[in-house]
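Enquirer: Position 277, counted from 1, in the sequence shown is what full-length UniProt numbering calls 277; the numbers after and before it change by one each time, with no gaps.
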Amino acid sequence: MKQSFFIKRTASILLLVTISSMVSFGQSNTKPNIIFILADDLGYGDLSVYGGKVQTPNIDRLAHNGILFTNGHSSAATCTPSRYSLVTGEYAWRKQGTGIARGNASLIIDPERTTIADIFHKAGYTNAVIGKWHLGLGPEEGPDWNRDVKPGPLELGFDYSFIIPATGDRVPCVFVENHRVANLDTKDPITVSYDEPIPDEPTYENNPELIKVQSSHGHNQAIVNGIGRIGYMKGGQSALWDDKNIAAVLAAKASAFLETNMSTPFFLYFATHDIHVPRTPHTKFLGKSGLGVRGDAILQLDWTVGQITKTLDHLGLAQKTLIIFSSDNGPVLDDGYVDEAVEKLGDHQPAGALRGNKYSVFEGGTRVPLIISWPGVTAPRTESDALVGQIDFFSSFASLVDQQLVEGDAPDSENVIEAFLGQSKTGRTELVKQAGALAIIKGDWKFIESARTANSNRQKELGRSTEPQLYNLKNDIGETTNLATENPEIVESLGNLLDSIKVS
Ligand code: NG6
Ligand code: CA
């Protein structure tokens, strides 16, 4: 982390900025447009503004206009539970079936439930989700890809959706626009299976001659565009995405949404596929980072953010738009494809000084980049170590747009809007995070509950132990020294607190 990045300002300037921010916030901007950009598998140390080696000037500019959080967290160390919490304001471990979803999973959020999009709707916003969804689609028996694919985002409060149903490495490899697979030729229907291979269709195992990207583990079922995927699929040729153009397609859809809706307040949940595997950046980024395709995908991610901010500038919306940038979980190098992410890493540290990665209950799994910029309101180049979670967007933005929550809405979300806007240095008191085991952060301390097994066979440091773990994050951000034995009373009190949250 580049602690010295932001020039420390004198108290008087800070006061002035704070007062003027509050005034402009109070007077005119109660309903800013809101764009939430969620990157995929981007680590705490991956952006140059957080000390990363790949230059990310467009994302860094957001930090120059606003608040860079050093203690911001996703709720889980993988995608589906992390995004579930974001959309519902409920910890995913409270609900069965919120683990990493298959590409043919049914919608895991009950349409009756109030979502963050419903809240914006009630406040008069037009809502869109563009990008990676990964929260399931369709009824209990799963989606019918050849007819209306619903329920989905439109039944959860979004007015427009253009989504990758699950992930780039899961079939079907098609975009779904509102209720339909985009560009589907009905004469070439789609069949998807996650159980059995589809007769006569090539597979990774049977047809190695068709493979352009080797798998390192898994990703050995259907072959789409020369890449082995998870799950089997057949048909839908005209609808298949072109992997190297995914970022450009999503950026263009986002810009089109902004243009169409420039005169109403809008909420855009823009979930990039970068930098998840398979990492297939457009040729214009290939080789440009010097860190292999993982670094090149970071460049592409930064370009994507630049496309959004350019569109806002062009439409004259920059001052009226609050942008949040974050990532769904921590970084991973080899996530199942041979793409030289490890070999070409050099001295770049994807998780910065944190221990652990994606999948881990250590901080590297869930402490993520978080930047909030609202030109004219957020004081430029501010750094905040307030404890905040993505799960808090729900209550916080509800309060920003004057919406009351009712009993049962967003049960785990706290209103920390003042921290999000840089008007308070205090966030929440405690926060629970999930990666197989649960962990709780309170003040300087982090307690990780004991797990049934110490680790899986993934060759990755998941942070699980059959013993309780206690770290002092203030003195030991790298979670090197388990202080549980020396501090039984803290272990007991945090363990009890976690237990009480579990049953609340
Ligand atoms: C894993 C996949 C990984 C990735 C992950 C989900 C294999 C071997 N690994 O099972 O590639 O898709 O699931 O990532 O298949 S997430 O960011 O969407 O949670
Ligand atoms: Ca992810």
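Ideal Cβ positions, reconstructed from N, Cα and C, are used throughout, including at glycine.
Predicted, not measured: the structure shown is a model, and the values here were computed from it.
Spatial neighbours of L86 within its chain, please: CB distance less than 6 Å, with the 5 preceding and 5 following residues excluded, ordered by chain position.
Expert: Taken in chain order, the residues that qualify are Q390.
Enquirer: For ligand 2, which residues count as neighbours when the test is a C-beta closer than 5 Å to any heavy atom?
Expert: Output, sorted by chain position: D40, D41, C79, D328, N329.
Enquirer: Looking only at C-alpha atoms, which of E363, N482, T191 sits nearest to A435?
Expert: Checked all of E363, N482, T191; the closest Cα to A435 is E363.
Enquirer: Count Cβ pairs between the region 73–83 and the region 375–393 that sit closer than 8 Å; are there 3 or more?
Expert: Touching, yes, given that three or more Cβ pairs across the two stretches are closer than 8 Å.
Enquirer: Does DSSP classify W93 as helix, strand or coil?
Expert: W93 falls in the helix class under three-state DSSP.
Enquirer: With the cut-off set at 9 Å, would you say G365 and V277 are in Cβ contact?
Expert: No, the pair does not count as a contact, with Cβ atoms beyond the cut-off.
Enquirer: Over what stretch of residues does the alpha helix (DSSP H) that includes G292 continue unbroken?
Expert: Note, G292: alpha helix (DSSP H), 292–315.
Enquirer: For ligand 1, is there a heavy atom less than 8 Å away from the beta-carbon of K358?
Expert: Yes, Cβ of K358 sits closer than 8 Å to a heavy atom of ligand 1.
Enquirer: Hey, out of L400, F420, V401, V432, whose CA is closest to P411's CA?
Expert: The candidate whose alpha carbon is nearest that of P411 is V432.
Enquirer: My output table needs one value for V192: the three-state DSSP class, helix, strand or coil.
Expert: V192: strand per DSSP, three-state reduction.
Enquirer: Under the rule that 16 or more other beta-carbon atoms within 10 Å means buried, what is K253, buried or exposed?
Expert: That one is buried.
Enquirer: Would you mind working out which of I308, L299, S289 sits nearest K344, comparing C-alpha positions?
Expert: The shortest C-alpha separation from K344 is found at S289.
Enquirer: Given the structure, does D148 come close to ligand 1, in the sense that its CB is under 8 Å from one of the ligand's heavy atoms?
Expert: No, ligand 1 has no heavy atom inside 8 Å of this Cβ.
Enquirer: What are the boundary residues of the alpha helix (DSSP H) that includes E418?
Expert: Here the alpha helix (DSSP H) through E418 covers 417–420.
Enquirer: Between the region 62–76 and the region 378–388, can you find at least three pairs of beta-carbon atoms closer than 8 Å?
Expert: Result yes; three or more Cβ-Cβ pairs closer than 8 Å.
Enquirer: Nearest by alpha-carbon distance to E141: which of Y160, R102, D296, Q300 is it?
Expert: Nearest of Y160, R102, D296, Q300 to E141, Cα basis: R102.
Enquirer: Alpha carbons only, please: which of L312, D148, N207 is nearest the one belonging to S263?
Expert: Comparing Cα positions, the closest option is L312.
Enquirer: Just to check my reading of the structure: I448 and Q469 have Cβ atoms closer than 8 Å, yes? What is that Cβ distance to the nearest angstrom?
Expert: Indeed they touch by this definition, with Cβ atoms about 4 Å apart.
Enquirer: Out of curiosity, what's the CA-to-CA distance linking T114 and F120?
Expert: Their backbone Cα atoms lie some 11 Å apart in a straight line.
Enquirer: Kindly indicate which residue of L210, S238, A222, G52 has the alpha-carbon position closest to the one of F175.
Expert: Of the listed residues, the one whose Cα sits closest to F175 is S238.
Enquirer: Report all residues from its chain with a CB closer than 8 Å to the CB of S24; omit the five preceding and five following residues, and keep chain order.
Expert: Here the model assigns S24 a pLDDT of 41, short of 50, so the residue's position is not dependable, and the following value carries that caveat. Cβ neighbours of S24 beyond the five flanking positions: G376, V377.
Enquirer: Buried or exposed: which applies to V503, given that a residue is buried once 16 or more other Cβ atoms fall within 10 Å of its Cβ?
Expert: Per the 10 Å Cβ criterion, exposed.
Enquirer: How big is the Cα-Cα spacing for N357 and E196?
Expert: Using only the alpha carbons, I get a separation of about 32 Å.
Enquirer: Grouping DSSP H, G and I as helix and E and B as strand, with all else coil, what is L497?
Expert: Reduced to three states, the DSSP call for L497 is helix.
Enquirer: Taking only the alpha-carbon atoms, compute the straight-line gap between G138 and N146 and give it to the nearest angstrom.
Expert: Looking at the two C-alpha atoms, the distance is approximately 12 Å.
Enquirer: Assuming S74 and N415 make a contact with CB atoms under 8 Å, what is their CB distance in whole Å?
Expert: With 8 Å as the limit, S74 and N415 do not qualify as a contact, their Cβ atoms being about 19 Å apart.
Enquirer: Please determine, among L107, V149, S193, F397, the residue with the shortest C-alpha to C-alpha distance to V181.
Expert: Per the Cα distances, V149.
Enquirer: In this structure, what does DSSP give as the bridge partners for V129?
Expert: S161, Y269, per the DSSP bridge assignment.
Enquirer: Between the C-alpha atoms of E155 and T88, what's the straight-line distance to the nearest angstrom?
Expert: Each residue's Cα considered, the two are about 13 Å apart.
Enquirer: Just to check, is the beta-carbon of G213 closer than 8 Å to a non-hydrogen atom of ligand 1?
Expert: Note on identity: in this sequence residue 213 is Val, with Gly being the wrong assignment. The answer is no for V213.
Enquirer: Between the region 156–163 and the region 200–216, are three or more C-beta pairs nearer than 8 Å?
Expert: Flag = no, the region 156–163 and the region 200–216 do not touch.
Enquirer: When the distance is taken between beta carbons, is P281 closer than 9 Å to D46?
Expert: Contact flag unset, no.
Enquirer: Enumerate in chain order the residues of its own chain whose CB-to-CB distance from Q27 is below 6 Å, with the five nearest sequence positions on each side excluded.
Expert: Caution is warranted here: a pLDDT of 35 is assigned to Q27, below 50, making its placement in the model unreliable, and the coordinate value is therefore given only provisionally. If we look at Q27 and ignore the five residues flanking it on each side, it has no Cβ neighbours.
Enquirer: List the residues that DSSP assigns as beta-bridge partners of R367.
Expert: Bridge partners of R367: H73.
Enquirer: Alpha carbon to alpha carbon, how far is V361 from L438? Give it in angstroms, no decimals.
Expert: Going from the Cα of L438 to the Cα of V361 covers about 7 Å.
Enquirer: From G422 to T126, what does the alpha carbon distance come to, in whole angstroms?
Expert: Cα-Cα distance, rounded: 26 Å.
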